[in-house]
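Notes follow the structure.
Residue numbers (our numbering), protein chains in the order written: chain A, 1254 to 1558; chain B, 1254 to 1558.
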């Protein structure tokens, strides 16, 4: 199987090594190295250049390097009929849950405010409360959202999950739909977003929602940049509706040099590192997917012969 | 019972309210308000001025507002024979464990390095690993140290605990004594200190220990300021032996204005807020202690009459 690797975010050496150990007949080309486009069977990619996938005439499968598939929309899409597989790294839910724990604990214990006090040379003890006195709302109950809920519950937070349609999950308080979203906001001292980006969820983190949060709440977004209306966040922070935010995803990545987020002490920028797939933990499932696609291709060629 | 409250760190209003609800005959004076020293039965205090406790002729009991008693040593001590009770707030282990979780997760996910990159306007993804790939060493296996061990284990870290003398604790890997300390250091990506301050543990966080840590390790100290040789920490950070530190306690509190810690991006100062006793959770045990002391005093007066 001939795999074309296309990503400026992921490590081609690790992927090439881990896949070669599992696929004896692997051919692995890293874009933009020279490649005979007609020989490419599979693309392993994140945010490929517009038109590139569509120009691969014998593409059998696209393995996304991200769990979401929005980076393959529009003119980045493969030719019609080519299956696109989301990344399902079994290590990803753990990494995401740990990211959320780090971000939520930082807000919970006011480490951002303490760092600002330190920068100003001020010794300023802040009141402390326990996790069991803090309410966390988690938007999105997919694999990653559920992992975050479980982790945050396990250390004592009052967690409520939200999804667009009703979910019945043992041991987790849930809300759903538009009314549930408003109720969730009203009771979220810390609001976490792990939704997929769809037309229905784009811009869901906006001024209207921020006004419903308890005054001084915190926001953590590791869904997609498109969930957040960035100017609304700045206004909510400036007005005190929100006390701080941790953001892993942005409408444009990397963030442009002049972007106002860079200079804010009340926004922590993490550069899309919450939970990227690691070749070490994901290569088994990816190799299986490529093997299946290659087998299907061989089958089709045999039936054509 | 007449209680004299002496602390610049704790909230007298909360303590007065919670104790009054439990002790109908409470008289509660907040130092430095005027007080008839001969009428004081009990002191509820943190770091009282030198000589103050010794000048209370009818003092029956001293209830410390801290778990450690080093703030009552030397000329801050009560008259001989007056019992001194450590604070045993049942809420403290939870607060301390949550502080440690916040500090350890921050180092684990490199949030300090990401904040520095942000301040410099750099979009700089860092490699991520899972908690199960990170070794945390915890110095001190008292009530607070054990709570921290349990919390850190529960979210997946490889935790080893250390104490001066041997401890056998189900479910926790432990080391002890001087040899055990050196072994612990060699395998601690993050080293946490929750020891009591004694002549044997003073200065335990020093250049020799830092050289034994894996290069680029992190330090979290919420024991006492006297555990840390502060100039040794600065040298270990400058040389790269240590990558960062979170400090809740200091040799002098508040830290003096010119102290080098203030300006370090690789040291987070938290102003002794890891786990202070809260009247809401501690008042039951404190009220019991004061009631017992008052009963004993009444008893002695009856036998004298």
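Don't be surprised by glycine CBs; every beta carbon is placed ideally from N, CA and C.
Cβ shell of residue i (< 7 Å), same chain only, five flanking positions each side left out
i	result
residue 1324 of chain A	1299, 1300
residue 1488 of chain A	1460
residue 1276 of chain B	1254, 1540, 1543, 1544
residue 1477 of chain B	1321, 1323, 1450, 1502
Any chain A beta carbon closer than 8 Å to residue i
i	result
residue 1374 of chain B	yes
residue 1270 of chain B	no
residue 1259 of chain B	no
residue 1530 of chain B	no
residue 1415 of chain B	no
residue 1443 of chain B	no
residue 1277 of chain B	no
residue 1364 of chain B	yes
residue 1447 of chain B	no
residue 1457 of chain B	no
residue 1377 of chain B	yes
residue 1324 of chain B	no
residue 1361 of chain B	yes
residue 1354 of chain B	yes
Coil, strand or helix - residue i by DSSP
i	result
residue 1325 of chain B	helix
residue 1320 of chain B	coil
residue 1258 of chain A	strand
residue 1335 of chain A	coil
residue 1290 of chain B	helix
residue 1463 of chain A	helix
residue 1275 of chain A	coil
residue 1305 of chain B	coil
residue 1270 of chain B	helix
residue 1450 of chain B	coil
residue 1437 of chain B	helix
Min CB distance residue i to chain B below 8 Å
i	result
residue 1407 of chain A	yes
residue 1371 of chain A	yes
residue 1526 of chain A	yes
residue 1381 of chain A	yes
residue 1388 of chain A	no
residue 1282 of chain A	no
residue 1347 of chain A	yes
residue 1396 of chain A	no
residue 1521 of chain A	yes
residue 1351 of chain A	yes
residue 1344 of chain A	yes
residue 1475 of chain A	no
residue 1340 of chain A	no
residue 1320 of chain A	no
residue 1437 of chain A	no
Residue i classed as buried or exposed, judged by whether at least 16 other C-beta atoms fall within 10 angstroms
i	result
residue 1391 of chain A	buried
residue 1271 of chain A	buried
residue 1286 of chain B	exposed
residue 1385 of chain B	exposed
residue 1453 of chain B	exposed
residue 1379 of chain B	exposed
residue 1393 of chain A	buried
residue 1448 of chain B	buried
residue 1365 of chain A	buried
residue 1356 of chain A	buried
residue 1559 of chain A	No statement about residue 1559 of chain A is possible, as the shown extent of chain A runs from 1254 to 1558 and does not include it.
residue 1278 of chain B	exposed
residue 1419 of chain B	exposed
Same chain, Cβ closer than 6 Å to residue i, neighbours up to 5 away in sequence not counted
i	result
residue 1350 of chain B	1400, 1401, 1404
residue 1329 of chain B	1301, 1303
residue 1314 of chain A	1295, 1336, 1546
residue 1269 of chain A	1281
residue 1426 of chain A	1413
residue 1342 of chain A	1530, 1534, 1535
residue 1518 of chain B	1369
residue 1297 of chain A	1256, 1258, 1316
residue 1455 of chain B	1479
residue 1320 of chain B	1339, 1340
residue 1409 of chain A	1384, 1385
Within-8 Å CB hit, residue i to chain D
i	result
residue 1424 of chain A	Reference to chain D is not applicable here, since the protein chains of this structure are A and B.
Residues near residue i by beta carbon distance below 8 Å, same chain, minus five either side
i	result
residue 1578 of chain A	There is no way to answer for residue 1578 of chain A, as the model of chain A reaches only from 1254 to 1558.
residue 1362 of chain B	1381
residue 1308 of chain A	1290
residue 1436 of chain A	1428
Which runs of the beta strand (DSSP E) spanning at least 3 residues fall entirely within the stretch 1472-1550 of chain A, listed in chain order? 1495-1500, 1520-1522
Going along the chain, which unbroken runs of the alpha helix (DSSP H) with 4 or more residues stay wholly within the stretch 1340-1425 of chain B? 1345-1361, 1364-1372, 1396-1407
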